[in-house]
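Chemist: The structure follows.
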Amino acid sequence: MAREQVQCHGRAAGEPDAVWSVARDFCGLWHPAIASIAAEQSCKGAPIRAFRVQGEDTLYREQLTFFSDSDRSLAYRHLQGIAGIESYDARLTVSAADDGGSIITWTAMVQGPAARIAAVCGGTKNIFNSGIVALSKMTAAPQTQVPLPAPAEIT
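Residues 82 to 236 (my numbering) make up the sequence shown, in order.
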């Protein structure tokens, strides 16, 4: 079995709490690739999201394994949908950028047959990057409108 890590980073103009207020919704319909999503629970009460992506009939299921509002971070494990993968564990974190705004970090550790893992990691990278772009757009800092001076009177 091969093991590979996917790591994607992006910036958002919005403050970390604003970005996290969207990203923290594990069963929310905020990612542009998701066509439909439903919240479920494991037999032990852990949150599970069941979703389909745009243009596919496959049902994907992921279980929340870690959640922290204070760290602005969540982690999850893939349960169903990606064929031929031994394990898939991911983490999404939002932190403050030194110069304002936010840094969004999304990582996954994927384990499976070498012949399959490259395709899965490539798809994962695309999904993570499109999610980071969506979070950035949804939480962009509002533009401050500077009032124009009154027209000068011509005499």
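C-beta atoms are modelled at their ideal positions from N, C-alpha and C, and glycine is treated no differently.
Quick caveat: nothing in here was measured; it's all calculated off a predicted structure.
1) Can you tell me which of Gly126, Phe107, Phe132 puts its alpha carbon nearest to the alpha carbon of Gly162?
2) Beta carbon of Gly203, beta carbon of Met82: below 8 angstroms?
3) Give me the Cα-Cα distance between Ile115 and Val134, rounded to the nearest whole angstrom.
4) DSSP three-state label for Met190, please.
5) Taking buried to mean at least 16 other C-beta atoms within 10 Å of its own C-beta, is Leu216 buried or exposed?
6) From which residue to which residue does the beta strand (DSSP E) around Asp170 run?
7) Taking just the CA atoms, how far does Asp180 sit from Asp170?
8) Quick one: what's Cys108 bridged to in DSSP?
9) DSSP puts Gly91 in a beta bridge; with which residues?
10) Quick check on DSSP: helix, strand or coil for Ser217?
11) Measure the C-alpha to C-alpha separation of Glu137 and Pro128 and round it to an integer number of angstroms.
12) Keeping to the same chain, check which residues put their C-beta closer than 8 angstroms to that of Arg92; ignore five residues upstream and five downstream.
13) Would you kindly work out how many angstroms separate the C-alpha atoms of Arg197 and Ala119, rounded to a whole number?
14) Nearest to Ala189 by alpha carbon, out of Ser102, Val214, Ala156?
15) Evaluate Ala99 with the Cβ neighbour count: other Cβ atoms within 10 Å of its Cβ, from every protein chain shown; 16 or more gives buried, anything less gives exposed.
16) Answer yes or no: do Gln144 and Arg153 have a C-beta to C-beta separation smaller than 8 angstroms?
Modeler: By the coordinates alone:
1) By one-based count along the sequence shown, residue 162 stands at place 81. Ranking Gly126, Phe107, Phe132 by Cα distance to Gly162 puts Phe132 first.
2) On the sequence shown, residue 203 is found 122 positions in, with the first residue counted as 1. On the sequence shown, residue 82 is found 1 positions in, with the first residue counted as 1. Going by C-beta atoms, Gly203 is not nearer than 8 angstroms to Met82.
3) Within the sequence shown, the letter at position 34 stands for residue 115. Within the sequence shown, the letter at position 53 stands for residue 134. The straight-line gap from Cα to Cα measures roughly 4 angstroms.
4) Taking the sequence shown and counting its residues from 1, the one referred to as residue 190 is at position 109. Of the three classes helix, strand and coil, the one that applies to Met190 here is strand, per DSSP.
5) Here the question's residue 216 lines up with position 135 in the sequence shown. The residue in question, Leu216, is buried, as its Cβ has 16 or more Cβ neighbours within 10 Å.
6) As a first step, residue 170 must be located in the sequence shown, where it is residue number 89. From DSSP, the beta strand (DSSP E) with Asp170 extends over 168 to 177.
7) Taking the first residue of the sequence shown as position 1, residue 170 is located at position 89. Taking the first residue of the sequence shown as position 1, residue 180 is located at position 99. If I take the Cα positions, the gap works out to 30 angstroms.
8) Position 27 of the sequence shown, counting from 1, holds the residue named residue 108. Beta-bridge annotation (DSSP): Cys108 is not paired with any residue.
9) Sequence index remark: in the sequence shown, residue 91 carries index 10 (1-based). According to DSSP, which records beta bridges pairwise, Gly91 is partnered with Ile185.
10) Along the sequence shown, one-based indexing puts residue 217 at 136. Helix at Ser217.
11) Translated into the one-based positions of the sequence shown, residue 137 becomes position 56. Translated into the one-based positions of the sequence shown, residue 128 becomes position 47. Cα to Cα, Glu137 sits roughly 23 angstroms from Pro128.
12) As a working note, residue 92 is residue 11 in the sequence shown. The answer, listed in chain order, is Ala178, Gly182, Ser183, Ile184, Ile185, Ser217.
13) Numbered from 1 along the sequence shown, position 116 holds the residue referred to as residue 197. Numbered from 1 along the sequence shown, position 38 holds the residue referred to as residue 119. Distance between the alpha carbons of Arg197 and Ala119 is about 28 angstroms.
14) If you number the sequence shown from 1, residue 189 lands on position 108. Nearest of Ser102, Val214, Ala156 to Ala189, Cα basis: Ala156.
15) The residue labelled residue 99 in the question sits at position 18 within the sequence shown. When all chains shown are included, Ala99 counts as buried.
16) Here the question's residue 144 lines up with position 63 in the sequence shown. Here the question's residue 153 lines up with position 72 in the sequence shown. It is not a contact, given that the beta carbons lie outside the stated cut-off.
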